[in-house]
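> 27 is the number that numbering that gives the first Met the number 0 gives to position 28 of the sequence shown; each next residue is one higher, with no gaps. Quick reminder that beta carbons are idealized off the backbone N, C-alpha and C, glycines included.
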Amino acid sequence: MNDNPIVEYAPHYHSQIIDVIGRSLRDQKVVPDSDEPLEDDDLRHIAENYAGRGRFWVCLAGETVIGTVAIREVDASTACLKCMFVVTARHGQGIGQQLLDHALQFARAQGYRVIVLDTHQHMQRAHRFYERNGFMRVADGNETYGYRMDL
0 MNDNPIVEYA PHYHSQIIDV IGRSLRDQKV VPDSDEPLED DDLRHIAENY
50 AGRGRFWVCL AGETVIGTVA IREVDASTAC LKCMFVVTAR HGQGIGQQLL
100 DHALQFARAQ GYRVIVLDTH QHMQRAHRFY ERNGFMRVAD GNETYGYRMD
150 L
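1. Is it right to say residue 120 is buried, meaning 16 or more other beta carbons lie within 10 angstroms of its own, or is it exposed?
2. In or out: residue 54 buried (at least 16 other Cβ within 10 Å) or exposed?
3. The alpha helix (DSSP H) spanning residue 116 covers which residue range?
4. Compute the beta-carbon to beta-carbon distance between residue 57 and residue 129, rounded to the nearest angstrom, for a pair I have assumed lies under 8 Å.
5. For residue 150, does the three-state DSSP call read helix, strand or coil?
6. If you reduce the DSSP assignment to three classes, tell me which class residue 142 lands in.
7. Tell me the rounded alpha-carbon separation between residue 89 and residue 25.
8. Who are the Cβ neighbours of residue 116 in its own chain at under 6 Å, not counting the five residues just before and after it?
9. Does DSSP put residue 47 in a helix, in a strand, or in coil?
10. Distance check for residue 96 and residue 66, CA to CA, integer angstroms please.
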């Protein structure tokens, strides 16, 4: 298991978050290779989008972001797991599990009873990870799979 700290979002991590998520999506062939930063409306306003009963966290190695995870409120009883990414070079080191455990603990403390997520069909490693952790696939979209877990 690793001992990298997980901390709440702060603006000075923003460019690293965009880089980690963009590189992860490119590595998984979800988005085309590009030197341009990832454009994502949800990530433009992290502090606002994940306020209230939501949160956005980063996992750090020193001051370097190596993973991300977020919880966003869907309704009073349902949370959505978002932005679950670990840099490819750190896969298999327990960081994803640490991030997921942190997010689920927060969701339970907020009183959520259900957690849902969507993931791209190409992200086979993520599908196995979520299923190992008790998520059930509940929907197949055009390019995404939906998962759900009761808390």
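Checking against the coordinates, here is how it stands:
1. Stepping through the sequence shown from its first residue, residue 120 is reached at position 121. Counting Cβ neighbours within 10 Å, residue 120 comes out exposed, since fewer than 16 surround it.
2. In the sequence shown, residue 54 corresponds to position 55, counting from 1. So residue 54 counts as buried.
3. Taking the first residue of the sequence shown as 1, we reach residue 116 at position 117. Here residue 116 belongs to no alpha helix (DSSP H); instead the beta strand (DSSP E) covers 113–119.
4. Working through the sequence shown from its first residue, we reach residue 57 at position 58. Working through the sequence shown from its first residue, we reach residue 129 at position 130. Residue 57 to residue 129, Cβ: 20 Å. No contact.
5. Position 151 of the sequence shown, counted from the first residue, corresponds to residue 150. In this structure, residue 150 counts as coil in the three-state DSSP scheme.
6. For this step, residue 142 is matched to residue 143 along the sequence shown. When DSSP states are grouped into helix, strand and coil, residue 142 belongs to the coil group.
7. Along the sequence shown, one-based indexing puts residue 89 at 90. Along the sequence shown, one-based indexing puts residue 25 at 26. Residue 89 and residue 25: Cα-Cα distance of roughly 16 Å.
8. As a first step, residue 116 is located in the sequence shown; it is residue number 117 there, counting from the start. Close CB contacts of residue 116 within its chain, under the 6 Å cut and outside five residues either way in sequence, are with 80, 146 (chain order).
9. Here residue 47 refers to the residue found at position 48 when the sequence shown is read from its first residue. Three-state result, residue 47: helix.
10. As a position in the sequence shown, residue 66 is number 67, starting the count at 1. As a position in the sequence shown, residue 96 is number 97, starting the count at 1. Using only the alpha carbons, I get a separation of about 11 Å.
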